[in-house]
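Q: Questions regarding the structure given below will be posed in turn.
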Amino acid sequence: MAAPTRPTPARRAAIVGGNRIPFARSNSAYAQASNQDMLTATIDGLVARFGLQGKQLGEVVAGAVLKHARDFNLTRESVLGSRLSATTPAYDVQQACGTGLEAAILVANKIALGQIESGIAGGVDTTSDAPLAVSDDLRRVLIGLNNAKTVQDRLKALGRIRPGMIAPEIPRNAEPRTGLAMGEHAAITAKEWQIGREEQDELAVASHRNMAAAYDRGFFDDLVTPFLGLSRDNNLRPESSVEKLATLKPVFGRGEGATMTAGNSTPLTDGASTVLLGSDEWAAENGLPVLAHLVDAQTAAVDYVHGGEGLLMAPVYAMPVMLARNGLSLQDFDFYEIHEAFASTVLSSLKAWEDEDFCKTRLGLDRPLGSIDRSKLNVNGSSLAAGHPFAATGGRIVAQLAKQLHEAGPGKRGLISVCAAGGQGVVAILES
Ligand SMILES: CC(=O)SCCNC(=O)CCNC(=O)[C@H](O)C(C)(C)COP(=O)(O)OP(=O)(O)OC[C@H]1O[C@@H](n2cnc3c(N)ncnc32)[C@H](O)[C@@H]1OP(=O)(O)O
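Take the sequence shown: its position 267, counting from 1, is numbered 267 in UniProt numbering, and each next residue is one higher.
As structure tokens, then:
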């Protein structure tokens, strides 16, 4: 059966530009900053860059993976704290590490449908200010205490507190259904696809060098606004080498075949990113540039719980669906932005698309998607270099790719692939 083709939309959403704060390793420069501090500062950077002071936009859509209870309305509160008009509606979304890209897709789709003319998509996360929860037992006692009407009732409630209830529940970077860290899941997939240590380390070194070179040539001057003393991502280590990375001990996986280290895995990171989108007409009326258009997107999920597929392999499944709908092959792109959750994840995905048996049996294709030109991959660095504040990564990638496409000139095409916790993945196409 022929794949359904994409109906031509009435209009396409334009990407005007992006802004992020430099990303910071956990418990470093932003240790005292909250999600709201970082998202507000990042929105304000966009406001300053594009003259949006006091303007009412169609919507602001953003999210965070780790949120305190006080962040229940994080995006709207960040808008109220920003220099946008307070009459700009805002809401939160969350799709783990896919959040930032999913937010951009939501805004773009509303623009394409004519429901809004402009919007900001974003994401923010901090593992320095992670929300600690109290135990279920202690929470019940505290709620009882809060509801107690008399001093006697209050004392009775307090008397129910036991030392064992006091230990906090700390959010773990692990999948709730398997108890395994995402790195452990990635290590299983890396073993399955026989991803070597050296190729992972090479990818990591390239990411650092590409991103440092991009900073040096001013590529990030209009994408990154200094914040709390940082003007570049403080994870960036262009001086590192494959030889140096080869000395690091594996942190995920076990035994002889363990290949994943702190050097070829993303670090826990704090940061925020935003992207300004609008209709072409809105951009023209406001004298704003158009870097690229968000053309199409697709999400997919895999059953990693019952051993059907690797946790971070969902983008591999989303890709052929989106390519078929657009009549494109994997080779029809000028740039590829594949989120480097772990170097091995990028390499496992590329290997899966090249594998005839996998593409036939798992993806239901009649031939493999094939290989990509690796010189077009993450050309200005990706998550291994910048770091990965979960919900902020999508916005970083969309803004970075839109600018790359704009620099390359009209008629260029870029592909985004982001894996996410929970066995999900988001892919998207941008065109200049
Ligand atoms: C869908 C998704 O995106 S899934 C991804 C979600 N994210 C994650 O799961 C985060 C995974 N990362 C982690 O859990 C942690 O960062 C870890 C476990 C990988 C590493 O944590 P840590 O051990 O604290 O790393 P740390 O930064 O201290 O690095 C360890 C060592 O490697 C060294 N190192 C790290 N990177 C480099 C580099 N590029 N070049 C040279 N040395 C390096 C450090 O200097 C350090 O050396 P030292 O011990 O001599 O000081």
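Every residue, glycine too, gets a C-beta built ideally from N, C-alpha and C.
Could you please give me the residues that DSSP links to GLU239 through a beta bridge?
A: Working through the sequence shown from its first residue, we reach residue 239 at position 239. Its beta-bridge partners do not exist; DSSP assigns none.
Q: Between which two residues does the beta strand (DSSP E) holding PHE335 run?
A: Position 335 of the sequence shown, counted from the first residue, corresponds to residue 335. Segment 335-338, the beta strand (DSSP E) holding PHE335.
Q: Please report how far the alpha carbon of GLN331 lies from the alpha carbon of VAL302, in whole angstroms.
A: By 1-based counting over the sequence shown, the position of residue 331 is 331. By 1-based counting over the sequence shown, the position of residue 302 is 302. Cα to Cα, the separation comes out at about 24 Å.
Q: Apart from the five residues on each side of it in sequence, which residues of its chain come closer than 6 Å, Cβ to Cβ, to PRO315?
A: Reading the sequence shown from its first residue, position 315 is the one you call residue 315. The residues are SER417, CYS419, GLY425, VAL427.
Q: Looking only at C-alpha atoms, which of GLY123, GLY98, ASP37, PRO368 sits nearest to GLY18?
A: Within the sequence shown, numbered from 1, the residue matching residue 18 stands at position 18. That would be GLY123, whose Cα lies nearest to the Cα of GLY18.
Q: Could you tell me whether the Cβ atoms of GLY229 and ALA29 are closer together than 8 Å?
A: The residue given as residue 229 occupies position 229 in the sequence shown. The residue given as residue 29 occupies position 29 in the sequence shown. Cβ atoms of GLY229 and ALA29: closer than 8 Å.
Q: Could you say if the segment 38-54 and the segment 112-127 meet the contact criterion of at least three C-beta pairs nearer than 8 Å?
A: Yes, since at least three Cβ pairs between the segment 38-54 and the segment 112-127 fall closer than 8 Å, the two stretches touch.
Q: Taking the beta carbon of GLY253 as the centre, do at least 16 other beta carbons fall within 10 Å, making it buried, or is it exposed?
A: For the purposes of this step, residue 253 is taken as residue 253 along the sequence shown, with counting starting at 1. By the neighbour-count rule (16 or more Cβ atoms within 10 Å), GLY253 is buried.
Q: Using the DSSP secondary-structure output, state which residues sit across from PHE252 in a beta bridge.
A: Residue numbering aside, residue 252 sits at position 252 when the sequence shown is read from its first letter. Paired residues: MET260.
Q: For ligand 1, is there any heavy atom lying closer than 7 Å to the beta carbon of ARG237?
A: Walking along the sequence shown from the start, residue 237 turns up at place 237. Yes, since a heavy atom of ligand 1 falls inside the 7 Å radius drawn around the Cβ of ARG237.
Q: Going by DSSP, which residues form a beta bridge with GLU169?
A: On the sequence shown, position 169 is the one that residue 169 refers to. In DSSP, GLU169 forms a bridge with ALA133.
Q: Is any heavy atom of ligand 2 found at a distance shorter than 7 Å from the C-beta of PRO315?
A: Ligands present in the displayed structure are limited to ligand 1, and ligand 2 is not among them.
Q: Going by beta carbon distance, what residues of the same chain come within less than 8 Å of LYS191, once the five residues before and after it are set aside?
A: Position 191 of the sequence shown, counting from 1, holds the residue named residue 191. For LYS191, where only same-chain residues beyond five positions count, the Cβ hits under 8 Å are GLY253, GLY257.
Q: So, for ALA108: in the same chain, excluding its five sequence neighbours on each side, which residues have a beta-carbon less than 7 Å away from its beta-carbon?
A: Walking along the sequence shown from the start, residue 108 turns up at place 108. For ALA108, where only same-chain residues beyond five positions count, the Cβ hits under 7 Å are ALA13, LEU277, LEU294.
Q: In angstroms, rounded to a whole number, what distance separates the CA positions of ASP296 and THR269?
A: Sequence index remark: in the sequence shown, residue 296 carries index 296 (1-based). Sequence index remark: in the sequence shown, residue 269 carries index 269 (1-based). Going by the C-alpha atoms only, they are around 29 Å apart.
Q: Would you call the segment 305-322 and the segment 334-352 in contact, with 3 or more CB pairs under 8 Å?
A: They touch, by the three-pair rule.
Q: Following the continuous alpha helix (DSSP H) through GLU59, name the residue where it begins and the one where it ends.
A: On the sequence shown, position 59 is the one that residue 59 refers to. Run containing GLU59: none in the alpha helix (DSSP H); it sits in the beta strand (DSSP E), 59-62.
Q: Let me know the secondary structure DSSP gives GLU117 once reduced to three states.
A: Locating residue 117 in the sequence shown gives position 117, counting from the first residue. Here GLU117 sits in coil by DSSP.
Q: Kindly confirm or deny that the segment 228-244 and the segment 63-83 touch, where touching means at least three C-beta pairs closer than 8 Å.
A: No, they do not touch.
Q: Which one of ARG396, HIS406, ASN264 has the shortest CA to CA distance from ALA103?
A: Along the sequence shown, read from residue 1 onward, the residue named residue 103 stands at position 103. Looking at the Cα atoms, ARG396 is the closest of the given residues.
Q: Looking at ASN27 and ligand 1, is the gap between the Cβ and the nearest heavy atom below 7 Å?
A: What you label residue 27 is simply residue 27 of the sequence shown in a count that begins at 1. ASN27: no, Cβ never under 7 Å from ligand 1.
Q: With the cut-off set at 8 Å, would you say ALA283 and GLU431 are in Cβ contact?
A: As a working mapping, residue 283 is identified with position 283 in the sequence shown. As a working mapping, residue 431 is identified with position 431 in the sequence shown. No. Outside cutoff.
Q: For MET182, is the beta carbon positioned less than 7 Å from some heavy atom of ligand 1?
A: For the purposes of this step, residue 182 is taken as residue 182 along the sequence shown, with counting starting at 1. True, at least one ligand heavy atom lies under 7 Å from that Cβ.
Q: Ignore the nearest five residues each way along the sequence and tell me which others in HIS388's own chain have a CB closer than 6 Å to its CB.
A: If you number the sequence shown from 1, residue 388 lands on position 388. THR266, THR269, listed in sequence order.
Q: To the nearest angstrom, report how far apart SER231 and VAL224 are at their CA atoms.
A: Here residue 231 refers to the residue found at position 231 of the sequence shown. Here residue 224 refers to the residue found at position 224 of the sequence shown. Approximately 8 Å between the Cα atoms of the pair.
Q: Nearest to GLN194 by alpha carbon, out of ALA24, ALA167, SER348?
A: Your numbering for residue 194 matches position 194 in the sequence shown. Nearest option by C-alpha distance: SER348.
Q: Give a yes or no on whether the C-beta atoms belonging to PHE23 and GLY271 are separated by under 8 Å.
A: Start at 1 with the first residue of the sequence shown, and residue 23 comes out as number 23. Start at 1 with the first residue of the sequence shown, and residue 271 comes out as number 271. Yes. Within cutoff.
Q: Could you give the C-beta distance for GLY381 and ALA262, rounded to a whole number, given that I count them as a contact under 8 Å?
A: Taking the sequence shown and counting its residues from 1, one reaches residue 381 at position 381. Taking the sequence shown and counting its residues from 1, one reaches residue 262 at position 262. Not a contact, Cβ separation roughly 17 Å.
Q: Can you round the beta-carbon distance between VAL16 and PHE50 to whole angstroms, since I take them to be within the 8 Å contact cut?
A: Indexing the sequence shown from 1 puts residue 16 at position 16. Indexing the sequence shown from 1 puts residue 50 at position 50. The Cβ separation is near 6 Å, so the contact holds.
Q: Determine which residues share a DSSP beta bridge with ARG25 and list them.
A: For the purposes of this step, residue 25 is taken as residue 25 along the sequence shown, with counting starting at 1. DSSP output for ARG25 lists THR269 as bridge partner(s).
Q: Can you give the beta carbon distance from THR126 to ALA33, rounded, assuming they're within the 8 Å contact cut?
A: Position 126 of the sequence shown holds residue 126. Position 33 of the sequence shown holds residue 33. Confirmed, about 7 Å.
Q: Assuming ARG76 and ALA64 make a contact with CB atoms under 8 Å, what is their CB distance in whole Å?
A: Start at 1 with the first residue of the sequence shown, and residue 76 comes out as number 76. Start at 1 with the first residue of the sequence shown, and residue 64 comes out as number 64. No, ARG76 and ALA64 are not in contact; Cβ-Cβ is about 13 Å, not under 8 Å.
Q: If distances are taken between C-alpha atoms only, which option among ASN210, PRO168, LEU328, ILE429 comes closest to THR299?
A: Along the sequence shown, read from residue 1 onward, the residue named residue 299 stands at position 299. Ranking ASN210, PRO168, LEU328, ILE429 by Cα distance to THR299 puts ILE429 first.
Q: Does the beta-carbon of THR259, which I'm using as the reference point, lie nearer than 7 Å to any heavy atom of ligand 1?
A: Taking the sequence shown and counting its residues from 1, the one referred to as residue 259 is at position 259. No, the Cβ of THR259 stays beyond 7 Å of every heavy atom of ligand 1.
Q: Determine the contact status of SER128 and ASN286, defining contact as a CB-CB distance below 8 Å.
A: Looking up residue 128 in the sequence shown gives position 128. Looking up residue 286 in the sequence shown gives position 286. Contact flag unset, no.
Q: Please look up how many angstroms separate the CB atoms of GLY409 and LEU401, rounded, as I've assumed it's under 8 Å.
A: On the sequence shown, position 409 is the one that residue 409 refers to. On the sequence shown, position 401 is the one that residue 401 refers to. With a Cβ gap of about 14 Å, GLY409 and LEU401 do not count as contacting.
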